[in-house]
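Asker:
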Amino acid sequence: MAKKLWSGRYSKATDSMVDRYSESVSFDCRLAPYDIAGSVAHAKMLAKCGIISSQEKDQIVRGLREILKEIEAGTFVFDPALEDVHMNVEGALTKRIGPAGEKLHTARSRNDQVALDTRLYLREQVAVIIGLIAELQKAMLKLAEKHKGSIIPGYTHMQHAQPVLFAHHMLAYIEMFERDKARLTESLPRINVLPLGSCALAGTGLPIDRQAVAKELGFAAVSRNSMDAVADRDFVLEFLGSAAIIGMHLSRLSEELILWAGTEFKMIDIDESFCTGSSIMPQKKNPDVAELTRGKTGRLYGNLVSVLVMMKGLPLAYNRDMQEDKEPLFDSVDTVAGALSVMAAMVAHVEVKEHKRIRFDGDFSYATDLAEYLVAKGVPFRKAHAIVGRLVGDCAGKAVEIYHLDLQTLKSYAPEFEKDVHAICDIDSCVRAKKSFGGTAPANVEKELRAWKTKLGSKA
Ligand code: ARG
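Here this note's numbering is used: the first residue of the sequence shown is 64, the next is one more, and so on.
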């Protein structure tokens, strides 16, 4: 078993149960490339400041690069007895290059090192996830374009409310995902801060140059308080929060796709290649991808809550509890990236079925338009609402539409009704009428589609 790098004061070996309980290398090994990048920058700075020689720096950098190659090739063996990725890399380096390796940990601690690695990892992942969100937006935009003439019922309380363009509904999600991208982008300056050089918690008496390390690693800022730098996981929480919100959006989208593909709705078709069958019922074509995305949102919420709770009682500065931030963080990164990728691919395999009329039969979803018609004729809205309400009440349940009533009957409800009233009840004209900024009128939607096409740079 490898000797622990901190075992100077110890005369006994660690109990094997403790080794197994406390190791993190089985999961933090994914930080290895960042750990190595951080160590290379650190060694360069140590040499520049005259703390190690330039030959020692060269040996360290060469050794670390070899180790990275082995890790990438999958031939590097991580030893759980060395606890974590940091000790594994440092241990392997010293084994390889000897005494120079023992100088690498000068003026740093695992506490600032782990914060550094996590920040380097996360800033990269955030950029990847922003890109994946954009891909999903593009897929949705393409679907919206393809079916831009389709009118669907818009719902409130899961009841038909007013007709809207299918494209308008898709654009609503594109807006949500745009905010998700903005949230991530706005979090980057808070992730992109160098904690290295804070050491265990107090800083160091050695003459280091933290600005040089920040420059080398592309950090926009250097942390200003050594205790904050090693004790802070706000940036992890912020990401987990953003991931939870992305998950919530994906879950709502999934829920709608599941409903729309369902037997009662029959509004969309999801291509077979994105559906799964039943082991017993031969006829089944189930939307499992969307269901899994809806389900996985649970983990995204769970990961946020678990790190929030883990952090809440921790006194400054570092506590080992904080090692528990990694698995939730990695899981949220993987879950969100996986969900975004598969949802984008699935959306590209969705067809909207033309259905129109039957869907609106008896739902009086033109009622608000009738009320607005009366308003335009000078009737106060509250009164107009009551008049149309009475009309609906009298027609409902009789399979009679308000536009089936002749003008004379309609005038008995309100003398303001004229012969142009019947056209108001047409679903297309209901949609066409919603010209207010942000409304579903085709002219508006067309403009939005064009604007998003430019913004997303899509060829849709
Ligand atoms: N594996 C540890 C973590 O993830 C690294 C920091 C350990 N520091 C320490 N003082 N034990 O948090």
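Built from N, CA and C at the ideal position, the CB exists for glycine as well.
Since the structure is predicted, the reported quantities are computational estimates derived from the model, not experimental observations.
Who are the near neighbours of Gly217 in its chain, counting only those whose CB is closer than 6 Å to its CB and skipping five residues on each side?
Answerer: Closer than 6 Å at Cβ, skipping near neighbours: Ala224, Gln225, Val227.
Asker: When you compare the CB positions of Thr356 and Ser317, do they come within less than 7 Å of one another, or not?
Answerer: yes
Asker: List the endpoints of the continuous alpha helix (DSSP H) containing Tyr364.
Answerer: 351-375
Asker: With a threshold of 16 other CB atoms inside 10 Å of the CB of Ile343, please say whether the residue is buried or exposed.
Answerer: Counting C-beta atoms within 10 angstroms of its own C-beta, Ile343 has fewer than 16 neighbours from the protein chains shown and is therefore classed as exposed.
Asker: Does the Cβ of Ser342 lie closer than 6 Å to at least one heavy atom of the ligand ARG?
Answerer: no
Asker: Over what stretch of residues does the alpha helix (DSSP H) that includes Gln476 continue unbroken?
Answerer: In the sequence under discussion, the amino acid at residue 476 is Tyr, which differs from the Gln named in the question. It spans 470-476 - the alpha helix (DSSP H) in which Tyr476 sits, taken as one unbroken run.
Asker: Around the C-beta of Pro350, are 16 or more other C-beta atoms found within 10 angstroms, so that it is buried, or is it exposed?
Answerer: With a 10 Å radius around the Cβ and a threshold of 16 neighbouring Cβ atoms, Pro350 comes out buried.
Asker: May I have the straight-line CA-CA distance separating Asn255 from Val293, to the nearest angstrom?
Answerer: 14 Å
Asker: Along the chain, which unbroken stretches of the beta strand (DSSP E) at least 3 residues long are found entirely within the stretch 107-161?
Answerer: none
Asker: In the stretch 386-411, which residue ranges form an unbroken beta strand (DSSP E) of at least 3 residues, counting only runs that do not cross its ends?
Answerer: Taken in chain order, the complete beta strand (DSSP E) segments of 3 or more residues contained in the stretch 386-411 number zero; there are none.
Asker: May I ask you to check if the CB of Asp147 is nearer than 6 Å to at least one heavy atom of the ligand ARG?
Answerer: yes
Asker: Decide if Tyr184 is buried, meaning its Cβ has at least 16 other Cβ atoms within 10 Å, or exposed.
Answerer: buried
Asker: Looking at the unbroken beta strand (DSSP E) that takes in Val415, where does it start and where does it end?
Answerer: 413-415
Asker: What separation, rounded to the nearest whole angstrom, lies between the Cα atoms of Lys132 and Ile215?
Answerer: 55 Å
Asker: Roughly how many angstroms lie between the CA atoms of Met233 and Lys348, to the nearest whole one?
Answerer: Going by the C-alpha atoms only, they are around 24 Å apart.
Asker: Does the beta carbon of Met233 fall short of 6 Å from some heavy atom of the ligand ARG?
Answerer: Relative to the ligand ARG, Met233 has its C-beta separated by 6 Å or more from all heavy atoms.
Asker: Taking 6 Å as the cut-off, is the C-beta of Ser369 nearer than that to any heavy atom in the ligand ARG?
Answerer: no
Asker: Kindly confirm or deny that the stretch 126-144 and the stretch 90-97 touch, where touching means at least three C-beta pairs closer than 8 Å.
Answerer: Under the three-pair Cβ rule at 8 Å, the stretch 126-144 counts as touching the stretch 90-97.
Asker: Within the continuous beta strand (DSSP E) that includes Pro216, where are the two ends?
Answerer: Annotation for Pro216: the continuous beta strand (DSSP E) segment containing it runs 214-219.
Asker: Compute the Euclidean distance between the alpha carbons of Met373 and Pro391, then round it to the nearest angstrom.
Answerer: Met373 and Pro391 have their C-alpha atoms some 11 Å from each other.
Asker: Using 8 Å as the cut-off, can you tell me whether the stretch 331-345 makes contact with the stretch 407-426, which would need three or more C-beta pairs spanning the two stretches below that distance?
Answerer: yes
Asker: According to DSSP, simplified to helix, strand and coil, what is Val463?
Answerer: coil
Asker: Does the beta-carbon of Ser289, which I'm using as the reference point, lie nearer than 6 Å to any heavy atom of the ligand ARG?
Answerer: no
Asker: Is Val191 near the ligand ARG, going by C-beta to nearest heavy atom under 6 Å?
Answerer: no
Asker: Taking only three categories from DSSP, how would you classify Ala523?
Answerer: Only weak support is given to the placement of Ala523: the predicted model assigns it a pLDDT of 48, under 50, and the value that follows is read from those uncertain coordinates. Note: Ala523 maps to coil in three-state DSSP.
Asker: Where are the alpha helix (DSSP H) runs, 4 residues long or more, that stay fully inside the stretch 192-271, in chain order?
Answerer: 229-254
Asker: For the beta strand (DSSP E) holding Asp332, just list the boundary residues, first then last.
Answerer: 331-333
Asker: On the premise that Leu264 lies in contact with Ser289, defined as a C-beta separation below 8 Å, what is that separation, rounded to the nearest angstrom?
Answerer: 6 Å
Asker: With Asp489 as the anchor, note down where its alpha helix (DSSP H) starts and where it stops.
Answerer: No alpha helix (DSSP H) holds Asp489; DSSP gives it neither H nor E.
Asker: Using only CA atoms, which one of Val396, Ile490, Val399 lies nearest to Gly425?
Answerer: Ile490
Asker: Tell me Val285's beta-bridge partners as DSSP assigns them.
Answerer: Paired residue(s): Leu257.
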